[in-house]
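Report on the structure given below.
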Amino acid sequence: MTGNNDLKDQENSILIIDSFALLFRGFYATAVTGNYMRNSQGLYTNGIYQFTRYMLDAIERFKPTHVICAFDMGEKTFRNEMYSDYKANRGAPPDELIPQFDKLWELVEAFEIPCMGKVGYEADDMIGSIAKHYSDQGLEINVLTGDKDTLQLINEKTKVTLMKKGFGNYLTIGMDNFKEETGVTYPYQIIEMKGLMGDASDNIPGCPKVGPKTAIKLIDEFENIDQLFENIDQVKGKLQERLLENKELIYLSRELATIHTNVKFQCDLDDCTYVINQEKLIHKLKEFEFKSLIRKFAV
Numbered sequence: 020m021t022g023n024n025d026l027k028d029q030e031n032s033i034l035i036i037d038s039f040a041l042l043f044r045g046f047y048a049t050a051v052t053g054n055y056m057r058n059s060q061g062l063y064t065n066g067i068y069q070f071t072r073y074m075l076d077a078i079e080r081f082k083p084t085h086v087i088c089a090f091d092m093g094e095k096t097f098r099n100e101m102y103s104d105y106k107a108n109r110g111a112p113p114d115e116l117i118p119q120f121d122k123l124w125e126l127v128e129a130f131e132i133p134c135m136g137k138v139g140y141e142a143d144d145m146i147g148s149i150a151k152h153y154s155d156q157g158l159e160i161n162v163l164t165g166d167k168d169t170l171q172l173i174n175e176k177t178k179v180t181l182m183k184k185g186f187g188n189y190l191t192i193g194m195d196n197f198k199e200e201t202g203v204t205y206p207y208q209i210i211e212m213k214g215l216m217g218d219a220s221d222n223i224p225g226c227p228k229v230g231p232k233t234a235i236k237l238i239d240e241f242e243n244i245d246q247l248f249e250n251i252d253q254v255k256g257k258l259q260e261r262l263l264e265n266k267e268l269i270y271l272s273r274e275l276a277t278i279h280t281n282v283k284f285q286c287d288l289d290d291c292t293y294v295i296n297q298e299k300l301i302h303k304l305k306e307f308e309f310k311s312l313i314r315k316f317a318v
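So in the working numbering, the last one in the sequence shown is 318, and the numbering has no gaps at all.
Shown next as structure tokens:
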């Protein structure tokens, strides 16, 4: 039996989707076998097709009342101004994927789901800002992504669902299982860890020779980087030397890893209600020639 509080939560739950995380995952999951998919006009569609399958599965699984899709809006953000090598290790996306970026936006709009992004910021910053805005209003938030950086956004109202290997395989992390899954106690400590150990995927440097185990141990003992350096005399030997030598880099890394939650945006809650406009959606699905999805919605 469902209590009144649970019913209230179900009436006001938002699924925030990290759009390009799903698009990239879908593209590479099919491209590895050479299944790029193209419509009769020659448009590659494997990424957006898989994105749609992922999104629909998550909506069916988690049953949100509202859905928002967050987007990156260009390669350069304020983090590149802070640190020119930020994400400099990433190569250009495959030619087959590039045309699917704009088409994904069109597809999401056909679902009448708001597309949210802001030039100069990453999708994570938009996700964080939306999550904070609506969780502060008491709504239940679920962030769908493959990016563990978003774990810093978790609170009593916000959960993060990580997509795992295999279709429909998820790991949802909230305050109840946060320490078990991350090794640290509080969500903000994800940022403290990144400051110490860096993040190779984003080219965040961190402190040389400090890995996850050492970072977790230091955060467990000192709680955060500020208190670590206030009590640096308690750290012995070569580790103390490395930390002091790379103090500036550690603080820069922490700042690079911090998701901004104060990005201004306009998105009324009513506009996020998940309701299918059958005619509009099927028109777009026919353009992409997604026959199985057309059959799904043409009932």
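All C-beta atoms in this analysis are idealised placements derived from N, C-alpha and C, irrespective of residue type, glycine included.
- Pull up the distance between the alpha-carbon of GLN156 and that of ALA48, whole angstroms please. 37 Å
- What is the DSSP secondary structure of LYS183, counted as helix, strand or coil? coil
- Within the same chain, show all residues whose beta-carbon is closer than 7 Å to that of ILE251, passing over the 5 residues directly before and after it, in chain order. GLN259, LEU262, LEU263
- Message: Taking the straight line between their C-alpha atoms, what separation do you get for GLU125 and TYR105?
- Response: 29 Å
- In chain order, each alpha helix (DSSP H) run of at least 4 residues that lies wholly inside the segment 99 to 154: 117 to 129, 142 to 154
- Check ASP28 in the structure and name its three-state DSSP category. Caution applies to ASP28, whose pLDDT of 42 falls short of 50 and renders its modelled position unreliable; the model cannot decide the point.
- Enclosing alpha helix (DSSP H) for LEU170 [first to last residue]: Counting along the chain, LEU170 falls outside any alpha helix (DSSP H), and DSSP gives it neither H nor E.
- Task: Identify whether MET20 lies in helix, strand or coil by the three-state DSSP scheme.
- Result: Unreliable placement is indicated for MET20, whose pLDDT of 27 sits below 50; the coordinate value is still reported in the next sentence. Here MET20 sits in coil by DSSP.
- Query: In or out: SER59 buried (at least 16 other Cβ within 10 Å) or exposed?
  - Reply: exposed
- Item | Cβ separation of SER272 and GLY202, assumed to be a contact under 8 Å, to the nearest whole Å | Wrong, their Cβ atoms sit about 18 Å apart, outside the cutoff.
- What residue does the beta strand (DSSP E) around ASP277 start on, and which one ends it? Per the sequence shown, the amino acid found at residue 277 is Thr instead of Asp. Element bounds for THR277: n/a, residue is neither H nor E.
- Hey, LEU163 and ASP290 are a contact pair by Cβ (cut 8 Å); roughly how many whole angstroms apart? That belief does not hold up - the Cβ atoms of LEU163 and ASP290 are roughly 19 Å apart, past 8 Å.
- Cutoff 7 Å; reference MET74; Cβ partners in own chain excluding five residues on either side: ILE36, LEU41
- Per DSSP, what kind of secondary structure is CYS291 in: helix, strand or coil? helix
- Item | Closest Cα partner of PHE97 within the set GLU306, GLU298, THR233, THR277 | THR277
- Item | Spatial neighbours of HIS279 in its chain, beta-carbon cut-off 8 Å, leaving aside the 5 residues before and after | TYR140, ASP144, GLY147, SER148
- Just list the alpha helix (DSSP H) runs in the segment 41 to 100, keeping only unbroken ones of 4 residues or longer that don't cross its boundaries, in chain order. 65 to 81
- Task: For TYR63, collect the residues of the same chain with a Cβ closer than 8 Å to its Cβ; drop the 5 residues on either side in sequence, then sort them by chain order.
- Result: TYR55, MET56, ARG57, GLU115, LEU116, PRO118, GLN119
- Task: Along the beta strand (DSSP E) that carries LEU163, what are the first and last residues, could you check?
- Result: 159 to 164
- Beta-carbon separation of ASP91 and ALA142 under 9 Å? yes
- Roughly how many angstroms separate the alpha carbons of MET194 and ILE173, rounded to a whole number? 7 Å
- By a C-beta neighbour count over all protein chains shown, 10 Å radius and 16 as the cutoff for buried, is GLY185 buried or exposed? exposed
- Message: Using 8 Å for Cβ pairs, my map puts TYR153 next to ILE33. What's the rounded Cβ distance?
- Response: 6 Å
- Residue-level contact to chain B via CB, ILE192, 9 Å cutoff: Protein chain content of the structure displayed is limited to a single chain, and chain B is not contained in it.
- Query: Are LYS299 and GLU131 closer than 9 Å when you measure CB to CB?
  - Reply: yes
- Item | Where THR201 sits in the DSSP three-state scheme | helix
- Could you please give me the residues that DSSP links to LYS319 through a beta bridge? Missing from the structure shown is residue 319; the chain here goes from 20 to 318 and no further.
- Since ILE192 is in the beta strand (DSSP E), which residue starts that stretch and which ends it? 189 to 192
- DSSP-derived helix/strand/coil call for ASP195: coil
- Query: Does the beta-carbon of GLN171 have 16 or more other beta-carbons within 10 angstroms, so that it is buried, or is it exposed?
  - Reply: buried
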